[in-house]
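In my numbering, the protein residues as written are -12 to 809.
Here a beta-carbon is modelled for each residue, glycine too, at the ideal position from N, C-alpha and C.
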Amino acid sequence: MAAPHTTQLKISGMSCASCVGRVETALRAAPGVTDAAVNFATETALVTHEGPIRALTDALNDAGYPAATTQTTLKIDGMNCASCVAKIQKALSADPAVVDAQVNLATETAQVTFFDGTTDPQKLADLSTAAGYPARVASAQMDHAQAKDATALTRATIFAAVFALPVFVLEMGGHMVPAFHHWVQATIGTQASHLIQFALTSVILFGPGRVFYAKGIPSLLHGSPDMNALVALGTGAAYLFSVVATFAPQILPAGSANVYFEAASVIVVLILLGRVMEARAKGRTGAAIRKLVGLQPKTARVEKDGTFIDRPIADIVVGDVLQIRPGERVPVDAEVLDGTSYVDESMITGEPVPVGKAPSDQVVGGTVNGTGALRVRALRVGADTVLAQVIQMVEQAQGAKLPIQGLVDRITARFVPVVIAVALLTIAAWLIFGPAPALPLALVTGVSVLIIACPCAMGLATPTSIMVGTGRAAELGVLFRKGDALQQLQQSKVIALDKTGTLTLGRPELESVTTANGLDRDQVLRLAAAVEARSEHPIASAITRAGPSKLPEVSNFQSLTGLGVQATVEGHTVVIGSPRLMEQNGISLTDLADEAEQRATEGATPLFVAIDGQAAAMLAVADPIKPGTEQALERLHAMGLTLAMVTGDNARTAQALAEKLGIDHVTAEVLPDGKLAAINALRDQFGTLTFVGDGINDAPALAAADTGIAIGTGTDVAIETADVVLMSGDLRGVANAVEISRRTMRNIKQNLGWAFGYNILLIPVAAGVLYPFGGHLLSPALAAGAMALSSVFVVSNALRLRRVRASLPEDTHNHSSQTVTS
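Right under this line is the structure:
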């Protein structure tokens, strides 16, 4: 039995003192627990136990008070291939406090989720360091540190290249130019040439090349070899054989005392060069995050005692009054107090047209003010700003691991040991069946197999595409909150959309006024607007907004539930409402009935106005279709997707809108819980489903869909539930999201096809299968070059995603004038 120890857990869900007793009871009932004390004020539990932490957290989950988790990002050095990723994940996951560890080769980071209070980020970093991969907790200085590492790697590569060049010339020059070989023999002699090569190669291997041995040999001894182990074995074998051939050739079979110093030195140079190119390319994959971070201003002008002073952005607090001059970036999320201007919000919404701002409007930190000066009050600062949350979402998506990566991880975890076995079999086959001199031929083929099979490209294939794809999506106003949505979205067969606030603006507007009995339109609208100003119904607001700014006094106002309203205005009795209300008041609608029926079939809501017992007008109120909706739906149709509408609105209104927009399937008059049943029915009928919505009542549907897309202008609840967030309210963003998802997954498959195909094709070539057909063997140096270029190809292919353009650019100039009812 393990010795008792004490663990502190952060508890979530406790709302009163009685919760404390339930939590303590649950913990004390867990296996191995000897004592548990819960503090309601700090929301923590101090538990003395002998068993694993997981037993405690399971008990808390069962009791309905889950242990709180937190997440940290570690910056990890020394990762070179997918097997490194697996080793680090294993080391981090071995800590019982760790819930999940996602290691990303492309970003050289680990996202670790752990039980709050049970460990800390530095201890987690120490676990990675102990496994041979130095780690530190990520900070704002990481980019600078990464740049320094890249500079040091470049210097090491240049140093190695300078020393490798003479080795290459001395050994290979004679093969290329026979006269040079004779000149070397006549001047310094063969043995002196070998000694010079030995000295220069030793400097390379024990200098810039020592990193491969420092990491590769321990990984071999621990039984979990990585890419460094392959390089260490390959270059080490070539170097040691050459040392023996130089200093003790007599112990080798006759005719086999050749030197391969140039292979060992050139391999190190080429692999280091590949890492330099890879580092620079990977640096470009994070351009989206750096661009977003660069949008954050460093200072702001704060009003203090009637004057404005510059202060660091970190010192700004909620409530501070700030001045934003023309052309400046908005420092924090704020509310406009004074001034008018146009603000470029394209970095958040993706929409190119500046948005007008006036007092009481809100501005977003990082956006660019136009030609007007604004005085604003800070609403959200620091990590609470929209920009900070966007950066966090993009970072989380970039660090995510897609389901497809699971297969890659399982393959690469076994890949390096298999390659070592193949290399040993290759050497044995050449020693047994190869022509004389068999030993050097066996060495060349064995080293070539080890070098060419390094699984760098496999490890980079998925994460680099994810980084670039999600970064480009963010630039287009599409945020993938959950990384696996990137893979799930492109599998969708049907797109289901909410109606009000998603397809439409969600705010009814008065569309038309048809008068009767010779009454004046403006006078009727003036009286109707005065009455409706007393009502809180959304349709009433639409009529009031359409009326004049100055309205007459109203008396005897009555709201007739489900029917309409009536009041006295300037001595006139005004009744506004449904046909039933008119019928109850004995008012004939004969002159207006045909027009009302026509407007209803087009999706509008007809209301009638009667003045002093006589029909006065028919008001058609409608909810306008959002700009760009028609283009977005046409594009989704062109992508081969089925379109469905799920709405609580009445069936006739919904069907009218569906016919106007070309929507394939309509489910109307459903309550919020009915949306779940509708989504399940659509999924059963059509397949993988994506739901697009914006309201609180859409949150369950967003969570239940295979992929949930929230309109960014909607509620926080909807956004938090969704997998993908459109920063603008424009549905063209849905088409862009699907396009980026498809392009990114296609890019990942290209990368994986290249990475695996490269190894499947070239390992046999390196092993010498072409030798019987013309005597061709792959030089270890060429194998190193091919391996390095393989990784560079994968990263460069991923970078093509930076050029993805919006499937449908959002253009706020192109407003639709079509309208429907709410």
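So is residue i buried or exposed if we call it buried at 16+ other beta carbons inside 10 Å?
| i | result |
| --- | --- |
| residue 76 | buried |
| residue 613 | buried |
| residue -7 | exposed |
| residue 170 | exposed |
| residue 202 | buried |
| residue 534 | buried |
| residue 36 | buried |
| residue 810 | Outside the modelled stretch of the chain, which goes from -12 to 809, sits residue 810, for which no answer is possible. |
| residue 344 | buried |
| residue 91 | buried |
| residue 536 | exposed |
| residue 748 | exposed |
| residue 656 | exposed |
| residue 175 | exposed |
| residue 293 | exposed |
| residue -1 | exposed |
| residue 589 | buried |
| residue 468 | buried |
| residue 291 | exposed |
| residue 801 | Residue confidence is low: residue 801 scores 39 on pLDDT, short of 50, so the model does not pin down where it sits. Its coordinate-derived value is still stated next. Classification for residue 801: exposed. |
| residue 553 | buried |
| residue 504 | exposed |
| residue 74 | buried |
| residue -9 | exposed |
Between the options, which lies nearest to residue i when the distance is taken from Cα to Cα?
| i | options | result |
| --- | --- | --- |
| residue 607 | 662, 544, 496 and 490 | 496 |
| residue 282 | 331, 353, 304 and 697 | 353 |
| residue 648 | 676, 663, 611 and 397 | 611 |
| residue 107 | 61, 121 and 485 | 61 |
| residue 217 | 402, 230 and 360 | 402 |
| residue 66 | 198, 731 and 662 | 198 |
| residue 206 | 184, 714, 404 and 786 | 404 |
| residue 619 | 587, 453, 490 and 567 | 490 |
| residue 423 | 239, 263, 145 and 599 | 239 |
| residue 348 | 370, 332, 358 and 324 | 324 |
What residue range is occupied by the uninterrupted beta strand (DSSP E) comprising residue i?
| i | result |
| --- | --- |
| residue 812 | Residue 812 lies beyond the stretch modelled for the chain, which goes from -12 to 809, so this question has no answer here. |
| residue 208 | Counting along the chain, residue 208 falls outside any beta strand (DSSP E), though it belongs to the alpha helix (DSSP H) covering 197 to 208. |
| residue 546 | 541 to 547 |
| residue 632 | 629 to 633 |
| residue 678 | 676 to 680 |
Got a sec, what are the start and stop residues for the alpha helix (DSSP H) residue i sits in?
| i | result |
| --- | --- |
| residue 782 | 767 to 786 |
| residue 745 | 719 to 754 |
| residue 180 | 177 to 193 |
| residue 581 | 577 to 588 |
| residue 687 | 686 to 691 |
| residue 429 | 425 to 439 |
| residue 646 | 638 to 648 |
| residue 618 | 616 to 625 |
| residue 95 | Premise fails: residue 95 is in no alpha helix (DSSP H) and is neither H nor E. |
| residue 476 | 472 to 476 |
| residue 115 | 108 to 117 |
| residue 226 | 214 to 234 |
Assuming the contact rule is C-beta atoms closer than 8 Å, residue i and residue j should be a hit. Round their C-beta distance to whole Å, please.
| i | j | result |
| --- | --- | --- |
| residue 215 | residue 440 | Contact flag wrong, Cβ pair sits at about 13 Å. |
| residue 102 | residue 56 | 6 Å |
| residue 556 | residue 518 | 6 Å |
| residue 793 | residue 734 | About 17 Å separates the two Cβ atoms, so there is no contact after all. |
| residue 810 | residue 472 | Lying outside -12 to 809, the shown extent of the chain, residue 810 is not represented and no answer is given. |
| residue 576 | residue 602 | 6 Å |
| residue 244 | residue 232 | 4 Å |
| residue 775 | residue 257 | 5 Å |
| residue 395 | residue 69 | 7 Å |
At a cut-off of 7 Å, is residue i close to the ligand MG when judged by its beta-carbon and the heavy atoms of the ligand?
| i | result |
| --- | --- |
| residue 155 | Absent from the structure shown: the ligand MG. Ligands present: none. |
Quick check on residue i - is its C-beta less than 8 Å from some C-beta in chain D?
| i | result |
| --- | --- |
| residue 258 | Protein chain content of the structure displayed is limited to a single chain, and chain D is not contained in it. |
Inset, instruction - Evaluate the contact criterion for the stretch 185 to 198 versus the stretch 144 to 162: three or more CB pairs, one atom per stretch, below 8 Å. - result: yes
Inset, instruction - Could you tell me whether the stretch 651 to 669 touches the stretch 623 to 636, where touching means 3 or more Cβ pairs closer than 8 Å? - result: yes
Legend entry - Three CB pairs or more closer than 8 Å across the stretch 341 to 361 and the stretch 312 to 321: yes
Legend entry - Cβ contact check for the stretch 457 to 477 and the stretch 716 to 732: 3 or more pairs under 8 Å: yes
Inset, instruction - Tell me, please, whether the stretch 754 to 765 touches the stretch 466 to 480 by the rule of three or more beta-carbon pairs shorter than 8 Å. - result: no
Legend entry - Contact between the stretch 300 to 314 and the stretch 358 to 368 (3+ Cβ pairs under 8 Å): yes
Inset, instruction - Answer yes if the stretch 423 to 438 comes into contact with the stretch 666 to 683, meaning at least three C-beta pairs across the two stretches below 8 Å, and no otherwise. - result: no
Inset, instruction - Report yes or no: do the stretch 774 to 793 and the stretch 444 to 457 share at least 3 C-beta pairs separated by less than 8 Å? - result: yes
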